[in-house]
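Sequential numbering from 128 applies to the sequence shown in the numbering used here. Don't be surprised by glycine CBs; every beta carbon is placed ideally from N, CA and C.
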Amino acid sequence: MLMVSFRAWTVVSTILIFIILIIYGFLFEAEFETILRVSWILAILGFTLNFAMILITSIRLYVLCRILHVDIGLLDSIIIRGVGMFTSHITPTLIGGEPVRAILLQKLSRNNSSIGLVSSIVFIETYLDVIICNFLTLLLGFTDIAGRSIKVTLPYLAALYQIVSWTIILLVGLHSVSNSKILGFLSRHTRIGIDKIRFEGREFIQGFRKILRPYGLLVIFTSICSLLAGALIFMLASFISREHLSLNASLKGFVFASSLGVSPLPGGALGVEYGASLIANATTVIMWRFMSYYMLLLIGGLITIYTVRKLNIIISNKNSLKAKHNGGYAESI
Numbered sequence: 128m129l130m131v132s133f134r135a136w137t138v139v140s141t142i143l144i145f146i147i148l149i150i151y152g153f154l155f156e157a158e159f160e161t162i163l164r165v166s167w168i169l170a171i172l173g174f175t176l177n178f179a180m181i182l183i184t185s186i187r188l189y190v191l192c193r194i195l196h197v198d199i200g201l202l203d204s205i206i207i208r209g210v211g212m213f214t215s216h217i218t219p220t221l222i223g224g225e226p227v228r229a230i231l232l233q234k235l236s237r238n239n240s241s242i243g244l245v246s247s248i249v250f251i252e253t254y255l256d257v258i259i260c261n262f263l264t265l266l267l268g269f270t271d272i273a274g275r276s277i278k279v280t281l282p283y284l285a286a287l288y289q290i291v292s293w294t295i296i297l298l299v300g301l302h303s304v305s306n307s308k309i310l311g312f313l314s315r316h317t318r319i320g321i322d323k324i325r326f327e328g329r330e331f332i333q334g335f336r337k338i339l340r341p342y343g344l345l346v347i348f349t350s351i352c353s354l355l356a357g358a359l360i361f362m363l364a365s366f367i368s369r370e371h372l373s374l375n376a377s378l379k380g381f382v383f384a385s386s387l388g389v390s391p392l393p394g395g396a397l398g399v400e401y402g403a404s405l406i407a408n409a410t411t412v413i414m415w416r417f418m419s420y421y422m423l424l425l426i427g428g429l430i431t432i433y434t435v436r437k438l439n440i441i442i443s444n445k446n447s448l449k450a451k452h453n454g455g456y457a458e459s460i
């Protein structure tokens, strides 16, 4: 899988978002002194909540892998989620982490699970996360829309777009395995045999159905827990800025910002800030962005560095991701 250099994306995204926050703060008169005087205790609490978000989804990934007999450890799950989180936060639309998670999951599985099977795990996690988050945007923003408030139009449209587009992707994926025209098209453009594509597709469908029917509630529950952790970080930022938002308002601000993360800029820049500003003042938005984006980037970056150095997963000069695990050989993805 060809990738733009992690280093370049990291530098561009961190600098871009920092500049946006500084300009935003000056335009809307944020209290930078309040942000700079934040106590270490609150900073550590924010760091803990961010790590809790990764840990919750890591445990979920581990459990789903056990259900489908994909042999990975809990540490592997944390690594996969951490690297995936890091990647999504430095790429446009906050969506670059899914392919990386699927590839790492296959590479780190000790029983050589198929890419179709592990992709079903990643997809169902992502799909339900997206649906639940954007459904909450529609639900919490309904009174504003009903009251003809124009300010929530963008997050509302973004939420509808994501729900519809991801559902279309799901339906097309589930029905493409039996469509010879689609299989032929994929085979010609990927240079992979039709039988191989059909096999991986069936593995995907089998894994998807095996998880969704009996264990869909588990994914939904952990998605809600992760969203609540994100809302608590938003609320913590509001307390630091002395705005004191309620948990409900913080959840609303968090899901609005997440829905607008479809911005084509790295890290969902501009869209995320706009969504958060619909609920919170400039000081809270900047504080929250630092406590969420940069702390998650730090945690994910440390996990990525550990992965590169200790597990022999490397990014080559040819912009390809390579991996070696448990004595295996480095294979280009």
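Spatial neighbours of residue i in its chain, beta-carbon cut-off 7 angstroms, leaving aside the 5 residues before and after
| i | result |
| --- | --- |
| Ser-241 | Glu-327, Glu-330 |
| Ile-251 | Phe-335, Ile-338, Leu-339, Val-346 |
| Gly-224 | Gly-211, Met-212, Thr-214, Ser-215 |
| Ser-365 | His-371, Leu-372, Ser-377, Ala-407, Thr-411 |
| Gly-398 | Leu-387, Gly-388, Val-389, Ser-390 |
| Ser-292 | none |
Cβ-Cβ distance between residue i and residue j below 7 angstroms
| i | j | result |
| --- | --- | --- |
| Leu-405 | Lys-278 | yes |
| Trp-136 | Ile-230 | no |
| Glu-370 | Tyr-151 | no |
| Ser-350 | Ile-259 | yes |
Spatial distance of residue i from residue j (CA atoms)
| i | j | result |
| --- | --- | --- |
| Met-212 | Leu-354 | 15 angstroms |
| Ala-358 | Ile-332 | 33 angstroms |
| Thr-175 | Leu-182 | 10 angstroms |
| Trp-167 | Phe-348 | 31 angstroms |
| Leu-169 | Ser-373 | 17 angstroms |
| Ile-433 | Thr-264 | The residue asked about is misnamed: residue 433 is Tyr in this sequence, not Ile. Their backbone Cα atoms lie some 36 angstroms apart in a straight line. |
| Ser-303 | Leu-163 | 53 angstroms |
| Leu-344 | Arg-436 | 37 angstroms |
| Val-257 | Ile-426 | 22 angstroms |
| Arg-237 | Leu-287 | 39 angstroms |
| Ile-142 | Asp-271 | 34 angstroms |
| Leu-297 | Thr-184 | 21 angstroms |
| Leu-148 | Ile-413 | 6 angstroms |
| Ser-140 | Val-165 | 24 angstroms |
| Ser-246 | Asn-177 | 25 angstroms |
| Ala-179 | Tyr-421 | 15 angstroms |
| Val-389 | Ile-290 | 12 angstroms |
| Arg-416 | Thr-294 | 29 angstroms |
| Asn-239 | Phe-269 | 46 angstroms |
| Leu-301 | Phe-262 | 22 angstroms |
| Leu-195 | Ala-356 | 27 angstroms |
| Tyr-254 | Ile-171 | 31 angstroms |
| Gly-479 | Gly-243 | Because the chain here runs from 128 to 460, residue 479 falls outside it and cannot be looked at. |
| Val-299 | Pro-226 | 18 angstroms |
| Leu-363 | Phe-381 | 12 angstroms |
| Pro-84 | Cys-352 | Because residue 84 is not part of the residues shown, which for the chain are 128 to 460, the question remains open. |
| Leu-429 | Ile-144 | 20 angstroms |
| Ser-191 | Val-138 | Note that residue 191 is Leu in the sequence shown here, rather than Ser. When rounded, the distance between both Cα atoms is 34 angstroms. |
Chain-order list of residues whose beta-carbon lies under 6 angstroms from that of residue i (same chain, five-residue window excluded)
| i | result |
| --- | --- |
| Thr-431 | Val-210, Phe-213 |
| Arg-228 | Ile-207, Gly-211, Val-249 |
| Gly-402 | Pro-282, Phe-383, Ala-384, Leu-387 |
| Ser-419 | Ile-360 |
| Tyr-189 | Leu-201, Ser-204 |
| Asp-198 | Ser-236, Arg-237, Asn-238 |
| Leu-232 | Ile-207, Val-245 |
| Gly-455 | Note that Gly-455 scores a pLDDT of 39, beneath 50, so its modelled location is shaky; the value from the coordinates is reported in the next line. So the list is empty, once near-sequence residues are dropped. |
| Arg-134 | none |
| Ser-276 | none |
Status (buried if at least 16 other CB within 10 Å, exposed otherwise) for residue i
| i | result |
| --- | --- |
| Glu-160 | exposed |
| Phe-361 | buried |
| Arg-193 | exposed |
| Pro-393 | buried |
| Leu-266 | exposed |
| Ile-146 | exposed |
| Leu-284 | exposed |
| Leu-423 | buried |
Cβ-based neighbour list, residue i, same chain, cut-off 8 angstroms, excluding 5 preceding and 5 following
| i | result |
| --- | --- |
| Thr-220 | Gly-388, Val-389, Ser-390, Pro-391, Gly-395 |
| Thr-280 | Ile-272 |
| Ile-186 | Leu-201, Ser-204, Thr-349 |
Contact test: residue i Cβ vs the ligand NAD heavy atom, cutoff 6 angstroms
| i | result |
| --- | --- |
| Ile-142 | Summarising the ligand content, the structure contains no ligands, and the ligand NAD is consequently not present. |
Segment contact, 8 angstroms Cβ cut-off, at least three pairs: the segment 195-205 with the segment 368-386: no
The segment 403-418 / the segment 149-157 touching (three or more Cβ pairs under 8 angstroms): yes
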